[in-house]
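**Student:** First the structure, then my questions, so here it is.
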Amino acid sequence: MSSLAESARARGNNPLSFDKSAELIERNAQWMAGGVNSNFRLNISPTPLVFERGEGPWLYDADGNKLIDYYLGMGPMILGHKPQALVDAVKQEIEKGFLFAGQTTVEAEAARLVCELVPSAERMRFGCSGSEVDQAAIRLARAATGRKKIIKFEGHYHGWFDNVLWSTAPALNAAGPENAPVPVAGSKGQLTETADALVVLPWNNLDLVVERLAQGDIAGVIMEAAMCNAGAVHPAPGYLEGVREACTRYGTILIFDEVITGFRLAPGGAQERFGVTPDLSTFGKAIANGFPVAAIVGRADLMEMFATGGVVHGGTYNAQPIAMAATVATLMSLKPSLYATLEERGGRLMRGMGEIFARAGVLAQVAGFPQVFHVALGLDVPARNYRDLARMDRPAYVALTTALLHRGVRALERGAWFLSIEHSDAVIDDTLLAVEDSVRELKAKGVLPTGDFRK
Ligand SMILES: Cc1ncc(COP(=O)(O)O)c(C=O)c1O
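In structure tokens form, the structure reads like this:
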């Protein structure tokens, strides 16, 4: 019997309880706003969780539950929780000291590996978060072109700072026409003038980008080369190539935000997988399997502007040696066989889930990539952009992730399912059983959208 089924039987098939987590969140809220340290950890059904530890594909929470984890720290843990290679590398490095405000051998080794793996990386710099390095890329694009405006796409997330937190998850009734979206602020307190330097467009519509670029005043185009933060959506055939060509023609810097796709879709990220080379790109998450590391990479002439072109990039903790040791250990582990295994197991999980929905007559799309995919309930064709995703049946999906959690499977309510190399076939079998059982329960309650999407 599978380990999830065994533990379910041991508790008389009762759903898992998260009462202790709820109690701790309430207690901790006297010190931390909302009891959490990121708004993206708030408003989780049935409660934000408090964890004791993680190992492989598993998380162990304050209630004593063992959960199969498809959040994976919101993407980073491609090697799973607490891989031995990182534990060893970090232990060894920590003995040498923590921070020198100078250069180290280990950071050079990490940089060499990044430049070797990422096709467009002629030069690179490290930072600590995706939000930061996206700022560095935008600054470089403006400095290099002498222009101000940046094109960003609806539904694409490039961090939480004022100038980019626009139209990341806008309500459709506030977002304007599909082909001419109105920038929608993501936060109160945001400097609204920052929208003046942005043009928000729908993603995957080549004509609209080319038309706008032709006006000749755009410094940079920033995009997730595959839109993964909200779901996991492929670029349309020819789209990335077309944007690349138009950026070159109109003197605009093309920036791929590979914070999710980097080191996940392929060792060299989306740019390797799709064979399109940006001028600049940014990385984070899977680069160091859970340590706070990010990177900006790109054309030597642009990146050298940090050294000799008067463009500032700073950060006390950039290339912190212990995090660098984790980066080296992660990048050394990214062998081709790892991606082949992820493709095979993730593909099996996606197909298995699709079959469960089809058998139950539930209208759903399981789409994206085996390493990162999404489940869109209520859609009869795969989403091509944010507006398509926004039309999915969100309450039904939250009911599904909640039902799964009560069966020991933790998947992001917000969108993507992330896979690690530790998600074995047995773990995937367990997951599929939990999906089947959850679908049965929710269908009986009439919560799930029905229809045969194969027609
Ligand atoms: C595509 C993308 N870019 C940038 C970021 C920001 O990265 P960080 O949370 O490390 O600041 C994220 C975070 O989820 C992301 O998904």
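Take the sequence shown: its position 315, counted from the start at 1, is 362 in the working numbering, and no numbers get skipped. Glycine included, each C-beta is placed from N, C-alpha and C at the ideal position.
(1) Measuring straight from C-alpha to C-alpha, what distance separates F404 and I115?
(2) V280: which of A317, M121 and R159 sits nearest, CA to CA?
(3) Would you report the Cα separation of V419 and P368, rounded to the nearest angstrom?
(4) Please say whether L96 and H453 have beta carbons closer to each other than 8 Å?
(5) Would you identify the three-state DSSP class for Y107, choosing helix, strand or coil?
(6) With G425 and A443 assumed to form a contact (beta carbons below 8 Å), what rounded beta-carbon distance in angstroms separates them?
(7) Between which two residues does the beta strand (DSSP E) carrying D116 extend?
(8) Starting from the N-terminal side, write out each stretch of the beta strand (DSSP E) that is 3 residues or longer and does not extend beyond the stretch 346 to 428.
(9) The alpha helix (DSSP H) spanning R159 covers which residue range?
(10) Compare the Cα-Cα distances from G233 to each of N226, A227 and A222 and report the closest residue.
(11) So A52 packs on L451, CB below 8 Å; how close in whole Å?
(12) Determine the closest residue to N60 out of G455, N84, F465 and A473, with distance taken between C-alpha atoms.
(13) Helix, strand or coil, according to DSSP, for R100 in the structure here?
(14) Helix, strand or coil for S68, going by three-state DSSP, please let me know.
(15) Taking all protein chains shown into account, decide if T152 is buried (16 or more other Cβ within 10 angstroms of its Cβ) or exposed.
(16) Check whether the Cβ of E201 lies closer than 7 Å to any heavy atom of ligand 1, and answer yes or no.
(17) Going by the CB atoms, is the gap between G202 and N365 shorter than 8 Å?
(18) Count the other C-beta atoms from every protein chain shown that fall within 10 angstroms of the C-beta of F353, then say buried if there are 16 or more, exposed otherwise.
(19) Cβ atoms of P249 and R434: under 8 Å apart, would you say?
(20) Strictly by DSSP, which residues pair up with G174?
(21) Take F87 as the anchor and find which of P314, A216, A446 and S167 has the nearest alpha-carbon.
(22) Comparing alpha-carbon positions, which option in M379, Q412, I198 and K332 lies nearest E179?
(23) Measure from the C-beta of L187 to each C-beta in chain C and report whether the shortest distance is under 8 Å.
(24) In this structure, does DSSP put D135 in helix, strand or coil?
(25) Which one of A155, L238, G236 and D264 has the shortest CA to CA distance from V246?
(26) Short check: CB of A335 to CB of A373, under 8 Å?
(27) Going by C-alpha distance, which of A423, Q77, T329 and V137 is nearest G401?
(28) What's the call for L349, buried or exposed, on a 16-neighbour Cβ count within 10 Å?
(29) Look at the alpha carbon of V486 and the alpha carbon of A55, and state the distance between them as a whole number of angstroms.
(30) From which residue to which residue does the beta strand (DSSP E) around T299 run?
(31) If you reduce the DSSP assignment to three classes, tell me which class M124 lands in.
(32) Would you say the stretch 298 to 309 touches the stretch 95 to 110, given that touching needs at least three Cβ pairs under 8 Å?
(33) Judging by CA-CA distance, which residue of R311, L187 and A242 is the nearest neighbour of W213?
(34) Any chance the stretch 163 to 183 sits against the stretch 313 to 327, with 3 or more Cβ pairs inside 8 Å?
(35) Quick check: does the Cβ of L365 come within less than 7 Å of any heavy atom belonging to ligand 1?
(36) To which residues does DSSP link R457 through a beta bridge?
**Tutor:** With the given structure in hand:
(1) As a working mapping, residue 404 is identified with position 357 in the sequence shown. As a working mapping, residue 115 is identified with position 68 in the sequence shown. Distance between the alpha carbons of F404 and I115: 20 Å.
(2) For the purposes of this step, residue 280 is taken as residue 233 along the sequence shown, with counting starting at 1. The residue with the shortest Cα to Cα distance from V280 is A317.
(3) Within the sequence shown, the letter at position 372 stands for residue 419. Within the sequence shown, the letter at position 321 stands for residue 368. Taking the CA atoms as reference points, V419 sits about 29 Å from P368.
(4) On the sequence shown, residue 453 is found 406 positions in, with the first residue counted as 1. On the sequence shown, residue 96 is found 49 positions in, with the first residue counted as 1. Annotated as distal: H453 and L96, with beta-carbon spacing of 8 Å or more.
(5) Translated into positions along the sequence shown, residue 107 becomes position 60. Here Y107 sits in strand by DSSP.
(6) As a working mapping, residue 425 is identified with position 378 in the sequence shown. As a working mapping, residue 443 is identified with position 396 in the sequence shown. Correct: roughly 7 Å between the Cβ atoms.
(7) For this step, residue 116 is matched to residue 69 along the sequence shown. From DSSP, the beta strand (DSSP E) with D116 extends over K113 to D116.
(8) Segments of the beta strand (DSSP E) lying fully in the stretch 346 to 428: 411 to 416 and 419 to 424.
(9) Position 112 of the sequence shown, counted from the start, is the residue given in the question as residue 159. Its alpha helix (DSSP H) spans residues T152 to L164.
(10) For the purposes of this step, residue 233 is identified with residue 186 of the sequence shown, where counting begins at 1. The shortest Cα separation from G233 among N226, A227 and A222 belongs to A222.
(11) On the sequence shown, position 5 is the one that residue 52 refers to. On the sequence shown, position 404 is the one that residue 451 refers to. Separation of the CB atoms of A52 and L451 is rounded to 14 Å, and the pair is thereby denied contact status at 8 Å.
(12) As a working mapping, residue 60 is identified with position 13 in the sequence shown. Ranking G455, N84, F465 and A473 by Cα distance to N60 puts G455 first.
(13) The residue given as residue 100 occupies position 53 in the sequence shown. Secondary structure at R100: strand, using DSSP grouped into helix, strand and coil.
(14) Locating residue 68 in the sequence shown gives position 21, where the first residue counts as 1. Reduced to three states, the DSSP call for S68 is helix.
(15) For the purposes of this step, residue 152 is taken as the residue at position 105 of the sequence shown. Classification for T152: exposed.
(16) Translated into the one-based positions of the sequence shown, residue 201 becomes position 154. In this structure, ligand 1 has no non-hydrogen atom nearer than 7 Å to the beta-carbon of E201.
(17) Locating residue 365 in the sequence shown gives position 318, counting from the first residue. Locating residue 202 in the sequence shown gives position 155, counting from the first residue. No; because the gap between Cβ atoms is not below 8 Å, this pair is not in contact.
(18) As a working mapping, residue 353 is identified with position 306 in the sequence shown. Under this definition F353 is a buried residue.
(19) As a working note, residue 434 is residue 387 in the sequence shown. As a working note, residue 249 is residue 202 in the sequence shown. Between R434 and P249, the C-beta gap is smaller than 8 Å, which places the two residues in contact.
(20) One-based indexing of the sequence shown puts residue 174 at position 127. G174 pairs with A341.
(21) Working through the sequence shown from its first residue, we reach residue 87 at position 40. Shortest Cα-Cα distance from F87 to any of P314, A216, A446 and S167 involves A216.
(22) Numbered from 1 along the sequence shown, position 132 holds the residue referred to as residue 179. When each option's Cα is compared against that of E179, the closest is K332.
(23) Going by chain labels, chain C is absent from the structure shown, which holds only one protein chain.
(24) Locating residue 135 in the sequence shown gives position 88, counting from the first residue. For D135, the secondary structure class from DSSP, reduced to helix, strand or coil, is helix.
(25) Translated into positions along the sequence shown, residue 246 becomes position 199. The residue with the shortest Cα to Cα distance from V246 is D264.
(26) For the purposes of this step, residue 335 is taken as the residue at position 288 of the sequence shown. For the purposes of this step, residue 373 is taken as the residue at position 326 of the sequence shown. Closer than 8 Å, so yes.
(27) Translated into positions along the sequence shown, residue 401 becomes position 354. With respect to the C-alpha of G401, the residue from A423, Q77, T329 and V137 having the closest C-alpha is A423.
(28) Walking along the sequence shown from the start, residue 349 turns up at place 302. So L349 counts as buried.
(29) Start at 1 with the first residue of the sequence shown, and residue 486 comes out as number 439. Start at 1 with the first residue of the sequence shown, and residue 55 comes out as number 8. Cα to Cα, V486 sits roughly 17 Å from A55.
(30) Within the sequence shown, residue 299 is the residue found at index 252, counting from 1. Careful: T299 lies outside any beta strand (DSSP E) and carries neither H nor E.
(31) As a position in the sequence shown, residue 124 is number 77, starting the count at 1. In the structure shown, M124 adopts coil according to DSSP, grouped into three states.
(32) Between the stretch 298 to 309 and the stretch 95 to 110 there are fewer than three C-beta pairs closer than 8 Å, too few to call the two in contact.
(33) The residue labelled residue 213 in the question sits at position 166 within the sequence shown. Out of R311, L187 and A242, A242 has the C-alpha closest to the C-alpha of W213.
(34) A contact exists between the stretch 163 to 183 and the stretch 313 to 327.
(35) The residue you call residue 365 lines up with position 318 of the sequence shown. In the sequence on display, residue 365 carries Asn and not Leu. The nearest non-hydrogen atom of ligand 1 is 7 Å or more from the C-beta of N365.
(36) Residue 457 sits at position 410 when you count from the first residue of the sequence shown. Beta-bridge pairing links R457 to D116.
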